[in-house]
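S.K.:
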């Protein structure tokens, strides 16, 4: 089921009617060569500091009804990518197409109709809502801003939204602080869904939640996607969560995508040493696997994105790296033509495990 | 107690009995810990798991007099550390024990060091605090030694740097170094890797394992991460709403859980092997500790309850299931059936042992 989503149809270059719904599998978002650089200010007056290349040449495609999981560690640029593709940040280079429309450099006013179709949900919705507004007011706000409050049904639409995310109608009169973390995330989702968007950027939506509640929200996200045909860009650092929810996965490191493919491809036939190290760092809740797993412990920390290594960004921590990796940046390539792409010069060297690493039997 | 056997057969190093700790808040009295008992034996790693508000950290803080004052109060209980009741110990005595016989590592490494003092100064201070006779020079050598042990690269240079020049993972290594420098007999690690990235977590776990091997300290690993528990611990204590709901050996807890909450936690977990078709969350919201539900605090969210009176009226005792394995559930003999149902729904072989050999209760309910 995930396979046909990934291979379905060529990219639509002709814009589709913006506010219409397209069948599952239609390309919604196409990002090519996206860069977002931030200038660091050294002091109060000196503006010519280093440039942090938070996102440095990223390609993404998301189709309706599909979840693209974007994983990586802090500072890898995954959140910046999420914010830039929906134009909360101005891209430095590259192109962003939404349903075939080039939105890369649209002005705020020109973006307005697109805002309805692309919404963002953050880790803690508490910080993005007015604490003095009731939940009802919070949900009505986007509708009023886009002048569709009355036409969408007014209070009835608010009730509908509460119902959609599993809250009861009397919750509308309460304030955000009266809710637990899981319920607040439901409110955040309801607000994001108010304008019936096609794309949700979910930035660590379940990371702050306890496991038992996290599972509730994950199931809710899956149900909403089925029901509404939503496309998700699901940004997270938790590989197990991404494995569970995503149809396709992209692994980021220092502003670059190192590997992308179906979860099966990325998790089972891992083609990049960084992904391999990330996966081996996840502890598995099964004590009988304790000594049976291959563990790769990377040396050192992630390099400073203001002065990334030459060549392959991962080479300073990679046990496969040699001189070539310092000189030549490996392009993201589809070696077998099956949509599984990796950015590594030596994927064939991946199977031998570095010395000192306990090997699976 | 005698029916919670040690792996080593030795007497417990730490014995917590009926601990009750409350906090006064504007909303009312929060019963953070309401009657917790567990043992830690020499050399073993005990995982204390539970979600936020389960009381897992407050229990540990209560032991060593670090409960936030004046809001927090230890109402009753005992905590025998090598025969000495920590809850009755004077603040001075607790200061002596902390950092020497009992070491600590907390979740947020960045707020644990003083930002305006060099890292080395702080490690040396920690050493000299409990060893008055050691000279500055000797203390510095010890500091270098222990920093090397926890894997600080280039410690001769790093020792004179300030905390801001360290990454989160490096600070956590320093915290671990300070916790083990006096070879404590008990190490309390409260979510030691939670704030760190996966690849850094793996590094810290390695250091923690190494430190544990080196010092042979009995370790309490407080975490919400079942994966971490499965990988690191010998025994497990599962907490919910300020109480222990299940305890046992790591294989007992993971392969034949006997409390519906433990089963709920496992069924909620997304799997790296991708085998869970659909997660089975624990329904409802976390408990309100000002008005903890009557009877079994888990009853409003329990998959087994079915409106039965004991669940609503009686606090279930932590009763023995098999040697070393205890569960606080009135209907713990029905848990295997629940596990089977969950396993069917998720497609994951939870509680493997239960599935292979259906225990008492299969077929009922």
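Protein chains in written order, with the working numbering: chain A, -2 to 358; chain B, 30 to 394. Backbone N, C-alpha and C define an ideal beta-carbon position, used for all residues, glycine too. Fair warning: this is a prediction, and the values are worked out from it, not measured in the lab.
Please give me, in chain order, every unbroken run of the beta strand (DSSP E) with length at least 3 that falls completely inside the stretch 270 to 328 of chain B.
M.R.: With a minimum length of 3 residues, the continuous beta strand (DSSP E) runs that stay inside the stretch 270 to 328 of chain B are 272 to 278.
S.K.: What are the boundary residues of the alpha helix (DSSP H) that residue 91 (chain B) is part of?
M.R.: 85 to 92 is the extent of the alpha helix (DSSP H) around residue 91 (chain B).
S.K.: Helix, strand or coil for residue 193 (chain B)? Go by DSSP, reduced to three states.
M.R.: Note: residue 193 (chain B) maps to helix in three-state DSSP.
S.K.: Work out the CA separation of residue 143 (chain A) and residue 60 (chain A) for me, nearest whole Å.
M.R.: Rounded to whole angstroms, residue 60 (chain A) to residue 143 (chain A) spans 25 Å at the Cα level.
S.K.: According to DSSP, is residue 351 (chain B) helix, strand or coil?
M.R.: The answer is strand: DSSP assigns residue 351 (chain B) an E or B state.
S.K.: Using a Cβ-Cβ cut-off of less than 8 Å, list which residues of the stretch 211 to 229 of chain B approach chain A; keep chain order.
M.R.: Correct list: 226, 227, 228 and 229.
S.K.: Return the Cβ separation of residue 246 (chain B) and residue 136 (chain B) in integer angstroms, given the expectation that the two are a contact with Cβ distance under 8 Å.
M.R.: With a Cβ gap of about 19 Å, residue 246 (chain B) and residue 136 (chain B) do not count as contacting.
S.K.: Between which two residues does the alpha helix (DSSP H) holding residue 211 (chain A) run?
M.R.: Note, residue 211 (chain A): alpha helix (DSSP H), 208 to 225.
S.K.: Decide if residue 385 (chain B) is buried, meaning its Cβ has at least 16 other Cβ atoms within 10 Å, or exposed.
M.R.: At residue 385 (chain B), the pLDDT of 43 sits below 50, so the modelled position is not reliable and the matter cannot be decided from this model.
S.K.: CA-CA distance, residue 359 (chain B) and residue 298 (chain A)?
M.R.: Roughly 49 Å between the two C-alpha positions.
S.K.: Could you please tell me which residues of the stretch 215 to 228 of chain A, in chain order, have their CB closer than 7 Å to any CB of chain B?
M.R.: So the close ones are 215 and 216.
S.K.: Would you mind telling me which residues of chain A sit closer than 7 Å to residue 293 (chain B), beta carbon to beta carbon, in chain order?
M.R.: Those within 7 Å of residue 293 (chain B) in chain A are 209.
S.K.: Can you confirm whether the stretch 65 to 79 of chain B touches the stretch 253 to 270 of chain B when touching is taken to mean that 3 or more C-beta pairs between the two stretches lie within less than 8 Å?
M.R.: Yes, the stretch 253 to 270 of chain B touches the stretch 65 to 79 of chain B.
S.K.: For residue 389 (chain B), which residues of its own chain have a beta-carbon under 6 Å away from its beta-carbon, when the five flanking residues on both sides are left out?
M.R.: Unreliable placement is indicated for residue 389 (chain B), whose pLDDT of 38 sits below 50; the coordinate value is still reported in the next sentence. Answer for residue 389 (chain B): 362, listed in chain order.
S.K.: Can a CB atom of chain A be found closer than 8 Å to the CB of residue 311 (chain B)?
M.R.: Yes - at least one Cβ of chain A is within 8 Å of the one on residue 311 (chain B).
S.K.: How far does the beta strand (DSSP E) with residue 119 (chain A) in it extend, from its first residue to its last?
M.R.: Neither: residue 119 (chain A) is in no beta strand (DSSP E) and is coded neither H nor E.
S.K.: Does the stretch 188 to 199 of chain A come within contact of the stretch 279 to 295 of chain B, defined as at least 3 CB pairs closer than 8 Å?
M.R.: Verdict: no, contact absent.
S.K.: Flag this pair as yes or no: are the beta carbons of residue 128 (chain B) and residue 158 (chain B) separated by less than 8 Å?
M.R.: Cβ atoms of residue 128 (chain B) and residue 158 (chain B): closer than 8 Å.
S.K.: Near residue 53 (chain B), what residues of its chain come up, given a Cβ to Cβ distance below 7 Å and the 5 sequence neighbours on each side ignored?
M.R.: Excluding sequence neighbours, residue 53 (chain B) sits near 100.
S.K.: Could you list the residues in the stretch 259 to 285 of chain A with a C-beta less than 8 Å from some C-beta on chain B, going in chain order?
M.R.: Cβ contacts with chain B come from 260, 261, 264, 274, 275, 276, 277, 278, 279, 280, 281, 282, 283, 284 and 285.
S.K.: What does a CB cutoff of less than 8 Å around residue 312 (chain A) pick up in its chain, not counting 5 residues either side in sequence?
M.R.: 306, 318, 322 and 323.
S.K.: Under a Cβ-count criterion, where at least 16 other Cβ atoms within 10 Å of its own Cβ denotes burial, should residue 37 (chain A) be classed as buried or exposed?
M.R.: That one is exposed.
S.K.: Below 8 Å, can you find three or more Cβ-Cβ pairs linking the stretch 193 to 208 of chain B to the stretch 227 to 246 of chain B?
M.R.: A contact exists between the stretch 193 to 208 of chain B and the stretch 227 to 246 of chain B.
S.K.: Measure the C-alpha to C-alpha separation of residue 215 (chain B) and residue 132 (chain B) and round it to an integer number of angstroms.
M.R.: Cα to Cα, residue 215 (chain B) sits roughly 6 Å from residue 132 (chain B).
S.K.: Taking 8 Å as the cut-off, decide whether the C-beta atoms of residue 279 (chain A) and residue 237 (chain A) are in contact.
M.R.: Yes; because the gap between Cβ atoms is below 8 Å, this pair is in contact.
S.K.: Quick check on residue 237 (chain A) - is its C-beta less than 8 Å from some C-beta in chain B?
M.R.: Closer than 8 Å to some Cβ of chain B, the Cβ of residue 237 (chain A) qualifies, so yes.
S.K.: Counting C-beta neighbours from all protein chains within 10 Å, is the total for residue 37 (chain B) 16 or more, i.e. buried, or is it exposed?
M.R.: Bear in mind that the predicted position of residue 37 (chain B) carries a pLDDT of just 49, short of 50, making it too unreliable to give a figure here.
S.K.: For residue 330 (chain A), count neighbouring Cβ atoms within 10 angstroms of its own Cβ and tell me buried if that reaches 16, exposed if not.
M.R.: Exposed.
S.K.: Leaving out five residues before and five after residue 173 (chain B) in sequence, what residues of the same chain have Cβ atoms less than 7 Å from its Cβ?
M.R.: Answer for residue 173 (chain B): 184, 185 and 188, listed in chain order.
S.K.: Please report how far the alpha carbon of residue 325 (chain B) lies from the alpha carbon of residue 89 (chain B), in whole angstroms.
M.R.: Approximately 23 Å between the Cα atoms of the pair.
S.K.: 8 Å is my cut-off, CB to CB: does residue 116 (chain A) come that close to chain B?
M.R.: Taking Cβ atoms only, chain B never reaches closer than 8 Å to residue 116 (chain A), which makes this a no.
S.K.: Using the rule of at least 16 other Cβ atoms within 10 Å of the residue's Cβ for burial, across every protein chain shown, is residue 370 (chain A) buried or exposed?
M.R.: Here chain A covers residues -2 to 358 and nothing more, so residue 370 (chain A) does not appear.
S.K.: Please confirm if residue 300 (chain B) has its CB atom under 8 Å from at least one CB of chain A.
M.R.: Judged by the 8 Å Cβ criterion, residue 300 (chain B) is in contact with chain A.
S.K.: For residue 83 (chain A), which option in A:27, A:128, A:184 and A:69 has the closest C-alpha, if you only look at C-alpha atoms?
M.R.: Of the listed residues, the one whose Cα sits closest to residue 83 (chain A) is A:27.
S.K.: Would you list, in chain order, the members of the stretch 335 to 350 of chain A that have their beta-carbon closer than 9 Å to a beta-carbon of chain B?
M.R.: Residues: none.
S.K.: Would you call the CB atoms of residue 173 (chain A) and residue 145 (chain A) closer than 8 Å?
M.R.: The answer is no: Cβ separation not under 8 Å.
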